[in-house]
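Worksheet for the structure shown next.
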Amino acid sequence: MKNIIEVKNIKTIFDDRVVHNGLNLNIKEGDIYGLLGPSGCGKTTLLREMVMLEKIQSGSIKIFGNELSNIKHEKAQELRRKWGVLFQAGALFSSLSIKENIALPLVEYTNLSQDMINEIVEFKVSIVGLKANDINLYPSQISGGMKKKAALARSLAMDPKLLFLDEPTSGLDPISAREFDRLILKLRDMLGLSIVMVSHDLQSIYDTLDRVAIIDNKKIVYEGNLENIHSVDSKFIQTFFAKI
Amino acid sequence: MLESSFDILHVDDKLSLVFKGKLTIYNISNFEQNISTLSLYNIKTATIDLNAVTFMDSASSILIYNLQKKLSHNNIDIKLLCENKEVLDILLLVSKQKDSAEKLIHKDRKTIIQTIGKHTYQNYLGFLSFMSFMGELFFNKLRYITSIKYIRLKEIAFEINESGVKAFGIIALTSFLIGLVVAYQSAFQLKIYGANIFIVDMLGISILRELAPVITAIVIAGRSGSAFTAQIGAMKITEELDAMRTMGFDPYRFLVLPRIIALIITLPILIFVADIMALIGGMVVAYLDLGITSDLFLERFNEVIAVKHFFIGIIKGPFFAFLIATIGIYRGLKVKDDTQSIGFNTTKSVVESIFAVIICDAVFSIAFTNLGI
């Protein structure tokens, strides 16, 4: 499988605090890839750099062969349509109903008829397991788990090949969290997605991830699969993965 | 009943410190003072007697721990007398934790020069960020104007309704009252000179040129400017803006420009409404107080007030609107990830936009006067 994301020598400094000091990692097509590390180690910052919300200060990130640090506006717009992002709290547009939220990218980027858009919305809603009569509600009227599902449906609206998830199971009860894990695995198999996620949920990490990168002390201390993670000499890994 | 006590006994070069009773966070403050004023001159050995202690919490253990540290720092031999297992346990826990914990680094206090330097630099960065906001705005506006499909009529219409149509009532009422008040005050003065009819000249020029535009702008700054900041700020906190960006929807196109354009369209119309209402207020006072009928008022108005005064007032509208909308939106985008900064930025947005409106009005005033208009 070829690499879809290549991160090389990323350095990030906020004010006088060094967050990343030379990160390197490669994410392959079809992987469910986890970014792990102690809190405050810059996982979310790295994710934000990958989706072009944070400017890259030094180093390079290549996604689908496009260098992000000096990308042109049109190319960036094209790239944005190839991925979906799920934010921690969902970030559904509060002024639109669930249905309108999911339909928004379709309305903006395509010339499809309203009927066709409704069909597509119904399909995405059923994939993520939302009930069809919930979709006329507004984000403030639904539960946290439903918000995540709705946001996932929205990020899948344009049939992306790549999905970024920021702590997908945080704030969910254990049952919903496991359900969400299964959903992620199902989506990967059904739609052939590659998924990059930041997570703290150990169960979810073991259930879903193929490969992980562990950021500790501003560097990647481990990249690879979960089987031989215990051999690494890092305080974070020893404590975090100690129980199982 | 005394819950606890602390006795200090001094014999030759021996010091004996006896604690008794229940030591808790509530009653150790006196002991702390006693300890800090303890004279350790010429002391070789010290005994800390905890045998009579029945209970000890972590705060008092820290006190004992610090006391031990202080004594050993002065090369004094310490003997700890304690048989209570629970007390020993908590002492051990505290000393273990204290020994391994890193000391909190207290930040150095900054000198006044450093503070001034930091503030100056931050203001400079703030200025730069406003400039980059303006740059991005003009760049986007350029694209907006060159491509029709880029214009989002639905959003613009929505904003016109929100900040224009719904503001009619308050604008009408405020300007009517302003007209009333100005007319009433000047009627009193004019009566002294018997120059009753000149109230028309006075009201006409002051309302059309200055009062109506500025009052309208101030009301809109308080009403729409604050709303823009709060809306966009809340969207920023809930990551809606980030979500838009990652979906490739430019917030400038969806949120910023529709609001600015809507306000540029509505403010001149609102000024027109304010003109009418303020003059009606003036007419009411002119009739009741000075006996000038509305026919006479309008005849005189037609005679002495040139149409340029009206247009000068209206032309200020779009400029004020641009200032109010850009400052409101800029402040909204400046909101950080905490709720407090919404309040802070909303306040700033209203204050700054009213200030900007008044400055802009002053510039217009000078320019028009010098141009002889």
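If you read the sequences in order, they're chains E and C. Those letters in the first sequence? Residues 108 to 351, per the numbering used here, in order. Those letters in the second sequence? Residues 236 to 608, per the numbering used here, in order. Idealized CB from N, CA, C, for every residue including glycine.
Pull out every residue of the segment 480-510 of chain C whose Cβ sits closer than 7 Å to any Cβ of chain E, in chain order. R480, T481, M482, G483 and F484
Cβ shell of L360 of chain C (< 7 Å), same chain only, five flanking positions each side left out: Your numbering for residue 360 of chain C matches position 125 in the second sequence. None.
Identify every run of the alpha helix (DSSP H) within the segment 278-308 of chain C, keeping only runs that are complete inside it and at least 4 residues long; order them along the chain. 293-308
Pick out whichever of E:Y216, E:I117 and E:V228 has its Cα sitting closest to the Cα of K162 of chain E. Position 55 of the first sequence holds residue 162 of chain E. Out of E:Y216, E:I117 and E:V228, E:I117 has the C-alpha closest to the C-alpha of K162 of chain E.
Looking at the unbroken alpha helix (DSSP H) that takes in L523 of chain C, where does it start and where does it end? What you label residue 523 of chain C is simply residue 288 of the second sequence in a count that begins at 1. Segment L492 to L525, the alpha helix (DSSP H) holding L523 of chain C.
Cα-Cα separation, I168 of chain E to G468 of chain C: On the first sequence, residue 168 of chain E is found 61 positions in, with the first residue counted as 1. On the second sequence, residue 468 of chain C is found 233 positions in, with the first residue counted as 1. Distance between the alpha carbons of I168 of chain E and G468 of chain C: 30 Å.
Within chain C, the residues that P212 of chain E reaches when beta carbons sit closer than 9 Å: Mapped onto the first sequence, residue 212 of chain E falls at position 105. Residues of chain C passing the Cβ test: M482, G483 and F484.
What alpha helix (DSSP H) runs, 4 residues minimum, are completely inside the segment 446-478 of chain C? 447-455 and 461-472
Using the C-alpha atoms, what's the distance from P493 of chain C back to A513 of chain C? In the second sequence, residue 513 of chain C corresponds to position 278, counting from 1. In the second sequence, residue 493 of chain C corresponds to position 258, counting from 1. Each residue's Cα considered, the two are about 30 Å apart.
Should T473 of chain C be flagged as near chain E, meaning a C-beta pair shorter than 9 Å? By one-based count along the second sequence, residue 473 of chain C stands at place 238. Chain E contact via Cβ: present.
Which of helix, strand or coil DSSP assigns to F171 of chain E: Here residue 171 of chain E is taken as the residue at index 64 of the first sequence, counted from 1. DSSP places F171 of chain E in coil when its eight states are reduced to three.
Would you check if the distance between the CB atom of K471 of chain C and the CB atom of V570 of chain C is smaller than 9 Å? Walking along the second sequence from the start, residue 471 of chain C turns up at place 236. Walking along the second sequence from the start, residue 570 of chain C turns up at place 335. A contact, by the Cβ cut-off of 9 Å.
Would you check if the distance between the CB atom of L211 of chain E and the CB atom of A264 of chain E is smaller than 9 Å? Reading the first sequence from its first residue, position 104 is the one you call residue 211 of chain E. Reading the first sequence from its first residue, position 157 is the one you call residue 264 of chain E. Against a cut-off of 9 Å, the Cβ pair of A264 of chain E and L211 of chain E comes out as a contact.
Quick one: is H337 of chain E buried, meaning 16 or more other Cβ sit within 10 Å of its Cβ, or exposed? As a working mapping, residue 337 of chain E is identified with position 230 in the first sequence. Its Cβ having fewer than 16 others within 10 Å, H337 of chain E is exposed.
Burial state of P281 of chain E (16 or more Cβ within 10 Å): Position 174 of the first sequence, counted from the start, is the residue given in the question as residue 281 of chain E. When all chains shown are included, P281 of chain E counts as exposed.
Is it true that the segment 529-547 of chain C meets the segment 431-447 of chain C, where meeting means three or more beta-carbon pairs spaced less than 8 Å apart? yes
Chain C partners of A257 of chain E, CB-CB under 9 Å? The count along the first sequence starts at 1 and reaches residue 257 of chain E at position 150. Those within 9 Å of A257 of chain E in chain C number zero; the least Cβ separation is about 12 Å.
Output, in sequence order along the chain, the residues in the segment 280-304 of chain C whose CB is closer than 7 Å to any CB in chain E. none
Cβ of E330 of chain E within 9 Å of any chain C Cβ: Counting from one through the first sequence, the residue named residue 330 of chain E turns up at place 223. Chain C contact via Cβ: absent.
Express the C-alpha separation of P275 of chain E and K182 of chain E in angstroms, rounding to a whole number. Your numbering for residue 182 of chain E matches position 75 in the first sequence. Your numbering for residue 275 of chain E matches position 168 in the first sequence. Their backbone Cα atoms lie some 28 Å apart in a straight line.
Pick helix, strand or coil for T119 of chain E, following the three-state DSSP scheme. To locate residue 119 of chain E, count along the first sequence from 1; it is residue 12. Reduced to three states, the DSSP call for T119 of chain E is strand.
Alpha-carbon spacing of M366 of chain C relative to I291 of chain E, whole angstroms: Here residue 366 of chain C refers to the residue found at position 131 when the second sequence is read from its first residue. Here residue 291 of chain E refers to the residue found at position 184 when the first sequence is read from its first residue. Roughly 43 Å separates the two Cα atoms.
If you measure between the beta carbons of G352 of chain C and I500 of chain C, is that distance less than 9 Å? Here residue 352 of chain C refers to the residue found at position 117 of the second sequence. Here residue 500 of chain C refers to the residue found at position 265 of the second sequence. No; because the gap between Cβ atoms is not below 9 Å, this pair is not in contact.
From D248 of chain C to N277 of chain C, what distance separates their C-alpha atoms? Indexing the second sequence from 1 puts residue 248 of chain C at position 13. Indexing the second sequence from 1 puts residue 277 of chain C at position 42. Near 6 Å, if we compare the C-alpha coordinates of N277 of chain C and D248 of chain C.
Between the Cα of F507 of chain C and the Cα atoms of C:Y522, C:A462 and C:T451, which residue gives the shortest distance? Indexing the second sequence from 1 puts residue 507 of chain C at position 272. When each option's Cα is compared against that of F507 of chain C, the closest is C:T451.
I'd like to know whether the C-beta atoms of I299 of chain C and L316 of chain C end up nearer to each other than 9 Å. Here residue 299 of chain C is taken as the residue at index 64 of the second sequence, counted from 1. Here residue 316 of chain C is taken as the residue at index 81 of the second sequence, counted from 1. Against a cut-off of 9 Å, the Cβ pair of L316 of chain C and I299 of chain C comes out as no contact.
Measuring only the C-alpha atoms, how far is I242 of chain E from K256 of chain E? Residue 242 of chain E sits at position 135 when you count from the first residue of the first sequence. Residue 256 of chain E sits at position 149 when you count from the first residue of the first sequence. For I242 of chain E and K256 of chain E, the distance between alpha carbons rounds to 11 Å.
Applying a beta-carbon distance threshold of less than 7 Å, which residues of chain C neighbour R188 of chain E? Stepping through the first sequence from its first residue, residue 188 of chain E is reached at position 81. Simply G483.
Beta carbon of N580 of chain C: closer than 8 Å to some heavy atom of the ligand FAD? This structure simply doesn't include the ligand FAD, nor any ligand for that matter.
Grab the span of the beta strand (DSSP E) containing R344 of chain C for me, first residue to last. Translated into positions along the second sequence, residue 344 of chain C becomes position 109. Careful: R344 of chain C lies outside any beta strand (DSSP E) and carries neither H nor E.
In angstroms with no decimal places, state the Cα-to-Cα distance between D292 of chain C and E587 of chain C. For the purposes of this step, residue 292 of chain C is taken as residue 57 along the second sequence, with counting starting at 1. For the purposes of this step, residue 587 of chain C is taken as residue 352 along the second sequence, with counting starting at 1. About 53 Å.
G567 of chain C and L502 of chain C closer than 9 Å at C-beta: Position 332 of the second sequence, counted from the start, is the residue given in the question as residue 567 of chain C. Position 267 of the second sequence, counted from the start, is the residue given in the question as residue 502 of chain C. In this structure, L502 of chain C does not lie closer than 9 Å to G567 of chain C by Cβ.
Taking Cβ positions only, does A198 of chain E come closer than 9 Å to chain C? Position 91 of the first sequence, counted from the start, is the residue given in the question as residue 198 of chain E. Closer than 9 Å: yes.
Are the beta-carbon atoms belonging to N431 of chain C and I540 of chain C less than 9 Å from one another? Translated into positions along the second sequence, residue 431 of chain C becomes position 196. Translated into positions along the second sequence, residue 540 of chain C becomes position 305. No; because the gap between Cβ atoms is not below 9 Å, this pair is not in contact.
Between the alpha carbons of M236 of chain C and A287 of chain C, how many angstroms are there, rounded? Residue numbering aside, residue 236 of chain C sits at position 1 when the second sequence is read from its first letter. Residue numbering aside, residue 287 of chain C sits at position 52 when the second sequence is read from its first letter. The predicted model places M236 of chain C with a pLDDT of 42, which falls under 50 and marks its position as unreliable, so this point remains unresolved.
Take V114 of chain E and list the residues in its own chain whose beta-carbon comes closer than 7 Å to its own, dropping the five residues that flank it on each side. Your numbering for residue 114 of chain E matches position 7 in the first sequence. Cβ within range, chain order: L130, N131, L132 and I168.
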